[in-house]
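Enquirer: Chains as they are written, first to last, in our numbering: chain Z, 580 to 899; chain P, 26 to 425; chain C, 49 to 302.
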Amino acid sequence: MNPDIFVTIEHLRGKVSDISYVMLAAARELAKSTGGKVLAILLGHDAQNLAGNLYADQVLYADHATLADFNPEAYQKILVGIINEYKPRAVFFGHTTIGMDAVGGISAQLGLPLVSSVRSIGADSKLISQICGGKIMAECELPESTALITMVPGDYKPELGQSIQSPPVSSIPVQALDGLRITLKQYIEPETGDVDISKEPLLIAVGRGIQNQDNISLAEELAQEIGGVVCASRPVVDQGWLPSSRLVGKSGSTVKPKVYLAIGISGAPEHVEAITGSDVIIAINTDPAAPIFNIAKYGTTADLFDLVPALTDQIRNNKG
Amino acid sequence: MVMAEITHTPSFSETFLTNLYKVENGERFRTCLQCGSCSGVCPFGYLMDYPPGRMIAGLRADEFDLVMNTDTVWMCVSCYACAQICPSKIPITAALMTRTKEELVLAGNVPSELQNALENSQRYGNPLGESPRKRADWATGIQPQITILGRDRRPVDVLWFVGDYPSYHPRVQLVAKSLAKILNALGINFGILGPEENSDGDTQRLAGERGLFEMLAEKNGRIFSRYQFKKIITSDPHAYNALKNEYPALGISYPVQHYTQFLVEYFDQLKPMLTKEISAVVTYHDPCYLGRANGVFDEPRMLLEAIPGIKLVEMAHNHGSSLCCGGGGGGMWLDGFQWEKAHARLSEWRVHEAVATGANILAVACPYEPPRFEDAIKMIQPAGQVVVKDIIELLAEAIG
Amino acid sequence: MNIIVPVKLVPDLVEELSIDASGTNLDTAWLRLIINEFDDHAIEQSILLKERTGAHVTVLSTNVEGVDDLLFTAAAKGADRLIKFNGDFDSGVNNHALARAMANILKDLNPDLILTGVQANNDLDGSIGPLLAEYLGMPYVGYVSGVNVLGNIVSVRKEYPGGLIGEMEVTLPAVLGIQAAEQPPRYVAISKVRQMMKTINIDEQDLTGLDTLGGPIVKRLFQPEASGRAMMLSENAEEAARQMVAIFKELGTL
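See the structure below:
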């Protein structure tokens, strides 16, 4: 039986996404137990350079014009071929808009077992997944070969999946990709906001707890006094209270500020995964059981409607 | 020559008006003088495309669909000022404003904050979206232990209907704890429903969700019928209004009092207990649903004046002319929406009035008010020193 | 056009979750179920498409506590047909089992478009959309936040990180995993739902041959330790603000 672990690399517009490195790190863990190698699968067009810093023993690279951008159907066709040929012990996919669109179809087509939302590899190849908004963890056996795994970020830093040495790249042949029922017509850029929050060092984030659009001014005033930028979790942006350029989360931006002040944010996984790169997270939430307190360095259950104005005042006075 | 009968399909406007005549005292809509007093006294009348008087004109002109196309009806806080001032005694708030909101809700035309409150009320039995299991958590640790009827299963004299905000809102839980303290001090044999209690539903009713109100009332009615008690008391004027005026039509009828009315019956026992002086100038805000809507003005004042050290002063608008805090009719859950339109809050106007009396304490008797007025005080510089206290909190402090 | 919306009820996270004695399932004693929020968006999107194109909308779900209310609410929003699946769901089902069993029934309904939530909070074997698509031989695109019908194809807005959108075209019949409807799920008055209870019927079908093959075997469920929990500052706002100013100074932010 082939003990190797494969990782489906995700890239978007010329850049390998962090989840790919996270998966390579996790695959390395798993490969220790199975005694196999780690192979990265890279599908793209003129994209060999993306293999450069992948921490893998080998890269299988398939090139086709249709693969210049992600296409669920194309990915499924090619990956099915690769899995049938190599029969690896397991294949990692990102629990993302890319990985999740491909893995389900492969599981159903080939009758292969699928475990999703995996955060970490436990002892004896156990897979630890998070479900129910991060409130429950599930420990599962690594299913029979070929196991399909979707990975969420959080437990492995991307740096662990990066390598200074470039891995060897093997080109694999690609069958014809005609007659696809899905095509990408164009990308639509997000509203070019004023700021790129992913580059800001001090973020004041508001969540559902802010309650209405008008109260966001409390955060804006604080941001102004302290020299930060206001951003938000999904519920606030969905309501249209802030533009999507300010969205922090799985479908928005991943941020790495020095300080992330989370105001009225519960800490759902889709949000948390985008802020784990912050140096210091400070959380304000009246619910002491809010998951955000598990990743914040400092927290308080004081009411944000009292605390934020008080903080703004104190900072203002502090400067004067 | 034989003329064919002209068939007439009633317009939306006509159907609405016909149905309006059928509600209690609805025939009075025919006697509207178009005097404009309702629109004038309405706190947000100046902002509405169709304030109450103009809505009636619209109905008469068979053009009510124009009203339906605006969203300014949601500025109505169901404060009863219009109904009270109307010389024809038209039930404007209860009939016209509520029915119009019902039509908007049926059409799905509901501001999103209000939508959340309504959906939460349906799912969790409270508009805040808190777990029903935690409804009595505020009572943990109180000695002697508060009787929760579902757990303790014994007959009591008084069922205390606690309400949503006193149960779940951290600021208003302090009010609940104070009332528990007083009831215990008086040796009252009382119990609460705890996790079995649902929202009284009155504010949801006035926000246009009649079906939701009935559902909540029916649930409460079934729970009431399981236990033995002689009367219901409540710290919430909205619950008082519902239990007294609306539930009986659904077959749920019990004697009910607001806690101020109840405590006044124990005045001789209570007064000597009020030993700690509270030296303050106090002004009392008549809640719309206790005062204007139900005529309870004296009992709250009696209780305040019984506290040693308190000097009671009246605001410019008091008793029946009291200014609404803005929480009724769904206003509690329309803050963002109303702010966008008005850039003024009724609660802030009221706080200005309190400040003008020179009061140190703004006394209230409705659970919406401590959070609303405390927020307003933060927005108003000169109000910095004014403190908001429910009457029961002052009584509890005076007992020591 | 025939739109089918499979939805499911999932644990309501407002309540505290606990794990049962076996250690491999959630304790159902206090478990409340709520409609999967993404399925709620799928229903909304289907109604929006109905309003625009006159489509026929069928909403279906498994027979668990709360399903009737869920289906009648969908009808009150505009769904034309309601189907409830009966089956042995107690011994644990997963998306593979449901998708396999539903595929045959769905085939007979001749769908042009199947909309379902892109994920659910209790998914452990992937999400149901892609599985259903494969068993039905249809294409699948997920993380969709906008749908436009253009004859026999749909144009969808697929969400990428950073607010980027990929506009994809998919030939029908197809399955879409909905991330967000074009507007938030509408409110429907309870009186309307109650009216539906009197006027519309819920069709029932048996879901047989539930086979969980394809999903993982759970060894144990556990609650995450609040490892490295935040250092809690004062609950008093003024005091907490003071502490935070001190922290900001220490970090060099102030």
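Beta carbons are placed, not taken as given, at the ideal position from N, Cα and C, and that holds for glycine.
As the structure is a prediction and not an experimental result, all values here were calculated from the model.
Taking Z/Cys810 as part of the beta strand (DSSP E), name the residues at either end of that continuous run.
Expert: Z/Cys810 -> beta strand (DSSP E) spans Val808 to Ala811.
Enquirer: Note down, in chain order, each residue of its chain lying with its Cβ closer than 6 Å to the Cβ of P/Leu208, except the 5 sequence neighbours on either side.
Expert: Correct list, in chain order: Phe215.
Enquirer: Which residue from Z/Gly690, Z/Ser777 and Z/Gln709 puts its Cα closest to that of C/Thr260?
Expert: Closest by alpha carbon: Z/Gly690.
Enquirer: Where does the unbroken alpha helix (DSSP H) through C/Glu99 begin, and where does it stop?
Expert: Glu85 to Thr101
Enquirer: Using a threshold of 8 Å, state whether the C-beta atoms of C/Leu299 and Z/Val697 are closer than that.
Expert: no
Enquirer: Locate the beta strand (DSSP E) running through C/Gly190, then write down its first and last residues.
Expert: Tyr188 to Leu198
Enquirer: Give the C-beta separation of C/Ile52 and C/Thr106 to the nearest angstrom, bearing in mind that I take them to be a contact with Cβ-Cβ under 8 Å.
Expert: 5 Å
Enquirer: Count Cβ pairs between the region 73-88 of chain P and the region 118-126 of chain P that sit closer than 8 Å; are there 3 or more?
Expert: yes
Enquirer: Of all Cβ atoms in chain P, is any one closer than 8 Å to the Cβ of Z/Thr865?
Expert: yes
Enquirer: Against P/Glu365, what residues of chain Z qualify as contacts under a CB-to-CB distance less than 8 Å, listed in chain order?
Expert: Gln792 and Asp793
Enquirer: Whose C-alpha, out of P/Pro116, P/Leu420 and P/Ala379, is nearest the C-alpha of P/Gln410?
Expert: P/Ala379
Enquirer: Just to confirm, is the Cβ distance from C/Val218 to Z/Ile761 under 8 Å?
Expert: yes
Enquirer: When you compare each of P/Ile248, P/Ile213 and P/Trp185 to P/Gly294 by their alpha carbons, which one comes out closest?
Expert: The identity of residue 294 of chain P in the sequence shown is Gln, whereas the question assumes Gly. That would be P/Ile213, whose Cα lies nearest to the Cα of P/Gln294.
Enquirer: May I ask you to report which of helix, strand or coil DSSP gives C/Thr219?
Expert: strand
Enquirer: Return the Cβ separation of Z/Ala862 and Z/Ala841 in integer angstroms, given the expectation that the two are a contact with Cβ distance under 8 Å.
Expert: 5 Å
Enquirer: How close, in whole Å, do the beta carbons of C/Glu252 and C/Lys125 come, if the pair is a contact with beta carbons under 8 Å?
Expert: Not quite, the Cβ-Cβ distance comes to about 21 Å (not below 8 Å), so this is no contact.
Enquirer: Whose CA, out of Z/Ala641, Z/His674, Z/Lys611 and Z/Asn650, lies closest to the CA of Z/Arg668?
Expert: Z/Lys611
Enquirer: I'd like to know whether the C-beta of Z/Pro888 is nearer than 8 Å to at least one C-beta of chain P.
Expert: yes
Enquirer: Identify whether P/Ala119 lies in helix, strand or coil by the three-state DSSP scheme.
Expert: helix
Enquirer: Which residue from Z/Asp817, Z/Gln818, Z/Pro814 and Z/Arg825 puts its Cα closest to that of Z/Glu799?
Expert: Residue Z/Arg825 is the option with its Cα nearest to Z/Glu799.
Enquirer: If you count every other CB in all the chains shown that lies within 10 Å of the CB of C/Gln271, and 16 or more means buried, which is it?
Expert: exposed
Enquirer: So which residues on chain P does C/Ala77 lean against when the C-beta distance must stay under 8 Å?
Expert: Neighbours of C/Ala77 on chain P: none; closest Cβ ~11 Å, over 8 Å.
Enquirer: I'd like to know if C/Arg290 contacts chain P, where contact means its C-beta is closer than 8 Å to some C-beta of that chain.
Expert: Not one chain P Cβ lies under 8 Å of C/Arg290.
Enquirer: For C/Val202, list the residues DSSP reports as bridge partners.
Expert: C/Val197 and C/Val218
Enquirer: Nearest to C/Leu28 by alpha carbon, out of C/Glu283, C/Leu220 and C/Leu57?
Expert: Absent from the model: residue 28 of chain C. The displayed extent of chain C is 49 to 302, so no value can be given.
Enquirer: Using a cut-off of 8 Å between C-beta atoms, extract the partners of Z/Gln803 located in chain P.
Expert: By Cβ distance, chain P contributes nothing, its closest Cβ being about 18 Å from Z/Gln803, past 8 Å.
Enquirer: With a cut-off of 8 Å on the beta carbons, I'd call Z/Phe884 and P/Asp189 a contact; round off their distance for me.
Expert: So it is not a contact: roughly 19 Å between Cβ atoms.
Enquirer: Could you tell me the alpha carbon to alpha carbon distance between P/Ser203 and P/Ile417, rounded to whole angstroms?
Expert: 6 Å
Enquirer: Show which residues of chain C have a CB atom less than 8 Å away from the CB atom of P/Tyr149.
Expert: Val62
Enquirer: Take P/Gly175 and list the residues in its own chain whose beta-carbon comes closer than 6 Å to its own, dropping the five residues that flank it on each side.
Expert: Glu221
Enquirer: For the region 232-247 of chain P, which residues have a beta carbon sitting closer than 7 Å to at least one beta carbon of chain C?
Expert: Glu234, Arg235, Gly236, Leu237 and Met240
Enquirer: With three or more C-beta pairs closer than 8 Å as the rule, is the region 139-153 of chain P touching the region 259-270 of chain P?
Expert: Counting C-beta pairs closer than 8 Å gives fewer than three between the region 259-270 of chain P and the region 139-153 of chain P, which falls short of the contact rule.
Enquirer: Identify, in the order they occur along the chain, each residue of the same chain with its Cβ nearer than 6 Å to the Cβ of Z/Pro747, setting aside the five sequence neighbours on each side.
Expert: Gln637
Enquirer: From this set, C/Ile238, C/Leu220, C/Pro233 and C/Ala103, which residue's C-alpha is nearest C/Met49's C-alpha?
Expert: C/Ala103
Enquirer: Mind listing the chain P neighbours of C/Lys240? Cutoff is C-beta to C-beta under 8 Å, in chain order.
Expert: Leu131 and Gly236
Enquirer: Specify, as a first and last residue, the run of the beta strand (DSSP E) that P/Leu387 falls within.
Expert: Ile386 to Val389
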